[in-house]
Structure formats: structure tokens, C-alpha cells
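Have a look at the structure below before the remarks.
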Amino acid sequence: MFAESVTEPLALLSGLSTTSSPTQQRNGRAPPAMPASTDSSVTDVESSHESEAPQLSALFLIKFDQKIGYTIAWKRASVDVLLDGAVEYKSLPSGLHSVKSDLVYFVHEGYAGLSAFANAPASEAERNANFVAVGILVPLSYGRLGRSWLHAPRLQKIASTLAQDSNATAVLEEFWDEQLQPGPSGSTPKLEPPKSHSRARALSMLTAVIPSEQSLPQYHPALAIIQYIEVFGPLVFRLQQAALLRKRILFIGSPPVRSTCEFVFILSLLATIPNSVSELLSPGTESLLRLRTLFSVGIHDIPLLENFRSSVTGSEPSEDELPSQGWVACTTDEILATKTQLYDIIVEMPHTYDAPPEERQWPIIKTSDGMPLRASQRDVWRYKLLQQELRKYRSPLGEGNGDTDENDQTALLHSRESDLDDDSFSESYDDKVAEPLTWSRLAYMGFMWWASAGEKDAYEKEERERDRELLGDLSDFQSNGLHTSVIAYFHRSTASLITSLAGLIEAADDEDVAEQDALVLSKDDISRIGLDGWSEGDKAFLQEFIWCYFGRRAEVHGASVECCGCRVPAF
Numbered sequence: 032m033f034a035e036s037v038t039e040p041l042a043l044l045s046g047l048s049t050t051s052s053p054t055q056q057r058n059g060r061a062p063p064a065m066p067a068s069t070d071s072s073v074t075d076v077e078s079s080h081e082s083e084a085p086q087l088s089a090l091f092l093i094k095f096d097q098k099i100g101y102t103i104a105w106k107r108a109s110v111d112v113l114l115d116g117a118v119e120y121k122s123l124p125s126g127l128h129s130v131k132s133d134l135v136y137f138v139h140e141g142y143a144g145l146s147a148f149a150n151a152p153a154s155e156a157e158r159n160a161n162f163v164a165v166g167i168l169v170p171l172s173y174g175r176l177g178r179s180w181l182h183a184p185r186l187q188k189i190a191s192t193l194a195q196d197s198n199a200t201a202v203l204e205e206f207w208d209e210q211l212q213p214g215p216s217g218s219t220p221k222l223e224p225p226k227s228h229s230r231a232r233a234l235s236m237l238t239a240v241i242p243s244e245q246s247l248p249q250y251h252p253a254l255a256i257i258q259y260i261e262v263f264g265p266l267v268f269r270l271q272q273a274a275l276l277r278k279r280i281l282f283i284g285s286p287p288v289r290s291t292c293e294f295v296f297i298l299s300l301l302a303t304i305p306n307s308v309s310e311l312l313s314p315g316t317e318s319l320l321r322l323r324t325l326f327s328v329g330i331h332d333i334p335l336l337e338n339f340r341s342s343v344t345g346s347e348p349s350e351d352e353l354p355s356q357g358w359v360a361c362t363t364d365e366i367l368a369t370k371t372q373l374y375d376i377i378v379e380m381p382h383t384y385d386a387p388p389e390e391r392q393w394p395i396i397k398t399s400d401g402m403p404l405r406a407s408q409r410d411v412w413r414y415k416l417l418q419q420e421l422r423k424y425r426s427p428l429g430e431g432n433g434d435t436d437e438n439d440q441t442a443l444l445h446s447r448e449s450d451l452d453d454d455s456f457s458e459s460y461d462d463k464v465a466e467p468l469t470w471s472r473l474a475y476m477g478f479m480w481w482a483s484a485g486e487k488d489a490y491e492k493e494e495r496e497r498d499r500e501l502l503g504d505l506s507d508f509q510s511n512g513l514h515t516s517v518i519a520y521f522h523r524s525t526a527s528l529i530t531s532l533a534g535l536i537e538a539a540d541d542e543d544v545a546e547q548d549a550l551v552l553s554k555d556d557i558s559r560i561g562l563d564g565w566s567e568g569d570k571a572f573l574q575e576f577i578w579c580y581f582g583r584r585a586e587v588h589g590a591s592v593e594c595c596g597c598r599v600p601a602f
């Protein structure tokens with residue numbers, strides 16, 4: 032499974048489908064169909080290494096008019112898709128005029144969209160600024176972003192030209208005419224790739240599409256994965272849990288939006304259920320194998336968001352209720368944060384990511400009813416391990432976001448290096464990031480220190496050894512690329528979770544436990560699964576995860592302190 036956990040991310044990053052779904056259905060019901068306007072059912076992610084960019088389905092120019100606001104000044108389309116009254120707002124999120132340039136990813140009518148924004152000086156009559164956006168649509172069948180990022184360099188160049196003179200549309204005509212020309216094979220490129228790929232074919236094609244140096248193109252969104260880990264810190268694991276539960280997750284922040292769009296992509300990628308364990312899941316979970324991606328949304332997308340129902344909670348689900356597929360998106364429209372019925376989880380992004388450590392602000396993750404989500408103490412430890420592994424890449428890294436050089440990436444890995452000290456690491460994260468130590472846990476730790484003559488708890492040692500083993504040595508897989516190795520780590524964690532739970536369920540069934548009875552998990556079970564038995568958040572996650580993916584209720588009993596034979600819960 033360890034080797035496969037590296038191979039699958041390679042297939043994901045090369046745009047090849049390796050997901051095989053269970054063929055049966057829970058309770059005899061088919062899973063809800065995934066709307067064609069929101070995601071692709073063919074591939075997991077756009078190709079990273081194919082040199083040929085996808086053929087455009089639409090090309091358009093958006094500019095600001097003093098009298099009527101945003102308007103489509105020029106457009107071409109090879110398909111019957113509505114552009115007016117839609118792509119103007121998707122291409123130019125609120126507040127974008129405050130930055131010089133940006134890239135915006137979105138989805139529209141079954142297509143992946145990308146717009147390049149440019150802001151150039153202008154006369155006072157034009158409010159001293161002239162800003163335009165050049166956008167495209169490509170089929171979602173190529174993946175979450177339809178490989179649209181391969182057009183990003185040219186779109187940026189065209190947008191910069193048109194920001195200087197919005198009437199110079201000859202560059203657009205030339206670009207569109209190229210789309211009508213035959214491809215390298217002598218025929219016009221097909222809009223739709225084959226509808227399915229066998230796993231054997233997908234793996235055999237990897238050597239053809241992935242070069243030996245494993246480098247990703249300049250604009251590939253996966254290049255932001257180091258920044259993603261650095262920005263969220265230990266919260267990456269709690270956010271991962273929300274994504275695995277297929278919650279409706281909304282990132283909210285200010286422009287530029289490119290980084291946040293890339294974070295949406297990365298979270299969806301990390302939360303994909305690995306093919307190696309999909310067959311262990313309950314029938315009817317086909318729609319949960321990946322998280323729907325909407326990318327940038329705004330107030331004009333409220334009707335779309337209203338169509339997606341809330342995720343099922345693990346408390347009292349009805350017998351015939353299927354879990355929601357959920358989604359992840361980002362916005363600059365703060366008004367969406369007030370419409371709590373539209374989302375389950377909101378992620379408030381800090382205004383800057385590069386502040387010095389003493390001024391650092393962490394993202395704030397909350398449920399729609401305002402309850403904060405914090406990392407567990409075990410998450411803090413796992414994040415420490417991950418950071419220590421990433422430090423090994425400081426010298427040879429050299430890969431980065433399109434606008435980030437090697438020094439910037441190195442700074443990301445160097446920042447808060449003092450946090451890596453064994454004794455002070457967890458103390459560097461306040462209660463805005465990590466769940467505080469409960470008094471019962473402190474009492475337990477004190478007792479273990481006394482009982483073992485000052486030695487660390489063997490129970491904690493065993494947990495840390497498991498975490499080290501699961502992470503492995505990322506540098507051993509450097510030939511696969513840093514980004515692929517990090518993705519593989521998160522997929523191994525998910526695969527380990529599913530495999531462990533499937534084993535517990537099978538063992539319970541072998542003991543003739545009645546089907547209607549809840550699956551009982553002890554603190555040792557929680558520990559072996561890879562979660563924190565002292566964390567109420569982890570216990571709640573397990574209950575909901577077991578219901579969503581296995582259709583079983585669960586009673587999760589975490590760690591506690593016993594006094595005179597009485598069990599004292601952790602609080």
C-alpha cells in the first residue's frame with residue numbers, strides 16, 4: 032500500500048483516473064448524481080505534464096464601463112453556453128481592483144474557467160485605472176481545472192496588453208483562430224477525452240507523461256502545497272477531516288485570490304479517497320470518493336450554493352439518508368459569511384501570509400453556528416514531524432508557485448524553526464490553533480511521570496512511533512517530487528484510517544454483534560487509528576466518518592482518568 036500511495040498521486044497529478052468505485056448501493060438507492068456544472072466524473076485532476084494545452088470552449092474579454100459596470104467587450108464560443116450575466120462576475124471577484132494582477136479559477140455550466148486580471152494606469156476620466164480580465168472556459172472532463180492553468184502565461188500577457196488598450200482585440204482574434212486549427216495529429220483536438228481509463232492503462236501511461244525530474248509546470252496549483260501547509264500549520268489536519276466528511280467548506284479572504292483558489296484545489300486533492308481502499312467502503316458511497324470543487328464564488332452564485340444540501344451529521348441520521356458530497360470554494364464577498372445556511376465550515380483567511388512570526392495570524396476555522404475548530408495535540412505533534420521532513424528539502428527545493436522563487440520557498444520552511452524543539456513545540460500554538468490540554472490529561476501525564484520515575488508515557492511513545500512510520504522519510508521519495516510525496520502522506524493517512532476502521536467493523540461482525548448495535552471504539556482503538564483519544568473533536572469526527580463511509584453508528588470512548596474505580600471524562 033505504501034508504494035501505491037505514491038503512485039496514485041502521480042496519476043492524480045497527470046490527469047489520469049485511477050478511482051474504482053464500489054458497484055453496489057447502500058439501502059438499494061443510487062447515490063446522488065454529481066451536477067455536470069460542478070466537477071468532472073472522468074479524471075481526478077488536470078494533467079501536469081502534457082505539453083499541449085486543452086482546446087478552448089470559450090474566450091472572452093471583460094472590462095469595466097463607467098456607466099454600466101462590468102461588461103463583456105468581446106467573446107467567442109464553440110459551444111452553446113451562457114456567458115452574459117455570469118462570467119463577468121466570476122472573472123472579477125469583489126475587490127480585485129485593489130491589486131495589479133491576479134488569476135481567478137471558477138466553474139461555470141460544466142466548464143472550468145480561468146481569468147487573468149490586469150490593472151493599468153489610466154486618465155482621471157477613467158478613475159486613474161483601467162482594469163480588464165481575459166477569461167477562458169475549458170471542459171471539466173480534463174479534471175478539476177480542465178488543465179486551464181496551461182493557458183495562464185498567455186492569458187496574463189494578453190490581459191496586460193488589453194489593460195493598456197482594451198480595443199486591441201486582434202490578440203484575442205489570433206488566440207481564438209488558433210483554437211480552430213488542426214492539432215499536432217492533423218485533426219482538431221477533441222473537447223472530451225475518453226470516458227474511462229482502466230487502472231492498468233493509467234499506470235502504464237505514467238512513464239510517458241511524467242518526466243524523470245518530476246518537476247511541475249510553473250502555474251500548476253499543486254506548487255502551492257508548501258505554502259498551504261505553512262499557512263494552516265496544525266490546522267491542516269482538522270481541515271482535512273472536514274473535507275473527508277464532505278462538508279460545504281468556504282474560504283473567505285481578500286484579493287489576490289489566486290492563492291486561495293490553489294488552496295481549494297489542494298484541499299480537494301488531499302481529501303480524495305485513495306483507490307486502494309475505496310472497495311472497503313460501504314455500498315452507496317461512490318459520490319464521496321472526491322470533494323466537489325467550485326473555486327471562486329460570489330453573491331451571484333448564491334442560487335447555486337442553495338442547491339447543495341447540508342452534509343449529514345453523525346448524530347441522528349435517518350435510515351435512508353445518504354451523505355452529501357459537499358464542496359469547497361473561496362470568496363472575497365464577505366456577505367456570504369453572514370449566510371450561514373449556505374455552508375457548514377467557514378475558513379477566514381489572514382490578510383497576509385508573509386508576516387514575521389511575532390505578528391503571524393492563523394486562519395480561523397469555524398462551523399456555520401460559530402463553533403471554532405482547533406487542532407488536537409496529536410495534530411500538533413504530527414505537524415512537527417511533517418515540518419522536520421520538509422526541512423530536508425530546503426537546499427534542493429527550487430520549485431515554487433509561479434511568482435515565488437527558491438528563496439521564498441526556503442523561507443517558508445525556515446519560518447518558526449524554533450517551533451521544532453521537542454519541549455516547546457506544542458506551547459507555540461495558542462488556543463486559537465490547538466485544543467488546550469485538559470486537566471484530566473495533565474493529571475494523567477503527571478501520574479505517568481510519577482509511576483515511571485520520570486520517563487515519558489509508553490503509550491505516548493507508541494503513538495509517536497506510529498506517526499513517524501506513517502509519515503516515513505519523504506526524502507526517500509524525492510524522485511517523485513516533493514509535492515507528490517506530501518500528497519502521498521495525506522493519502523496514506525486516509526488509507527490507514529479506512530483500513531483500521533474496516534478491520535474493527537469486520538471484527539465486530541465476526542463476534543455476532545447485532546447490526547443495529549453501535550460500533551464501540553476504545554481509547555486504544557482511537558490511538559491505533561491515528562487520532563487523539565483526548566480530543567473531543569477527533570471523537571466527533573470518528574462518529575460521523577463511520578456513519579458516512581460505513582453506514583454504522585459508533586460509540587467512541589476516549590481517554591480518561593480513573594479515580595477510586597470511577598471514570599473521569601476528559602474536560
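Under my numbering, read the sequence shown as residues 32 to 602, first letter to last. Where a beta carbon is used, it is the ideal one built from N, C-alpha and C, also for glycine.
Taking the continuous alpha helix (DSSP H) assigned at residue i, which residues delimit it?
i      : result
Thr192 : 183-195
Leu270 : 266-275
Val551 : Element bounds for Val551: not the alpha helix (DSSP H) but the beta strand (DSSP E), 550-552.
Val118 : 118-122
Where does the unbroken beta strand (DSSP E) through residue i begin, and where does it stop?
i      : result
Lys94  : 89-96
Pro334 : Unbroken run through Pro334 is the alpha helix (DSSP H), 333-337; no beta strand (DSSP E).
Asp133 : 132-139
Leu281 : 279-283
Leu404 : From DSSP, Leu404 is part of no beta strand (DSSP E); its letter is neither H nor E.
Arg523 : Segment 513-541 is the alpha helix (DSSP H) holding Arg523; no beta strand (DSSP E) there.
Glu379 : 376-379
Ile167 : 160-170
Arg12  : Beyond the ends of the chain as shown, which are 32 and 602, falls residue 12; an answer cannot be given.
Measure how close the beta-carbons of residue i and residue j come, nearest whole angstrom, since I'm counting them as under 8 Å.
i      : j      : result
Leu301 : Ile518 : 6 Å
Leu320 : Ser309 : 6 Å
Answer with buried or exposed for residue i, where buried requires no fewer than 16 other C-beta atoms within 10 angstroms of its C-beta.
i      : result
Val267 : buried
Thr102 : exposed
Leu193 : buried
Val551 : exposed
Gly534 : exposed
Glu420 : buried
Thr515 : buried
Gln356 : buried
Pro387 : exposed
Asp208 : exposed
Glu223 : Residue placement at Glu223 is flagged as unreliable, the pLDDT there being 39, under the threshold of 50; the coordinate-derived value follows with that caveat. Flag for Glu223 reads exposed.
Thr54  : Annotation note: pLDDT 35 at Thr54 (below 50); position unreliable, no value reported.
Asp461 : exposed
For a quick check, are the C-beta atoms of residue i and residue j less than 7 Å apart?
i      : j      : result
Ala147 : Gln187 : yes
Leu298 : Val378 : no
Asp364 : Ile333 : no
Gly126 : Pro381 : no
Lys106 : Phe91  : yes
Gly582 : Ser313 : yes
Ile189 : Val202 : yes
Ser179 : Leu145 : yes
Leu123 : Ala164 : yes
Val110 : Gly166 : no
Ala143 : Leu114 : no
Val328 : Val135 : no
Ile366 : Lys278 : no
Ser558 : Glu494 : yes
Leu311 : Ile529 : yes
Arg422 : Asp498 : no
Using C-beta distances below 8 Å, list every residue in its chain close to residue i, excluding the 5 sequence neighbours before and after it, in chain order.
i      : result
Ser290 : Ala255, Gln258, Tyr384, Asn432
Pro394 : Val262, Phe263, Leu266, Val378, Glu379, Met380, Pro381
Ala160 : His128, Asn150, Ala151, Pro152, Ala153
Lys463 : Trp393, Ile395, Pro403, Arg405
Glu205 : none
Could you tell me whether any non-hydrogen atom of the ligand HEM is closer than 6 Å to the CB of residue i?
i      : result
Gln392 : Summarising the ligand content, the structure contains no ligands, and the ligand HEM is consequently not present.
Who are the Cβ neighbours of residue i in its own chain at under 6 Å, not counting the five residues just before and after it?
i      : result
Asp410 : Pro265, Phe268
Phe572 : Gln272
His588 : Ser553
Pro252 : Glu293, Phe296
Can you name, in chain order, every residue of its own chain whose Cβ lies under 7 Å from the Cβ of residue i, other than the five neighbours on each side?
i      : result
Ile536 : Leu550, Phe581, Arg583
Val295 : Phe282, Thr324, Phe326, Val359, Ala360, Cys361
Phe137 : Lys121, Gly144, Phe326, Ser327
Thr435 : A caution first: Thr435 carries a pLDDT of 42, below 50, which makes its placement in the model too unreliable to give a value.
If you measure from the beta carbon of residue i to each beta carbon in chain C, is any gap under 7 Å?
i      : result
Leu550 : Of the chains in the structure shown, none is chain C; there is only one protein chain.
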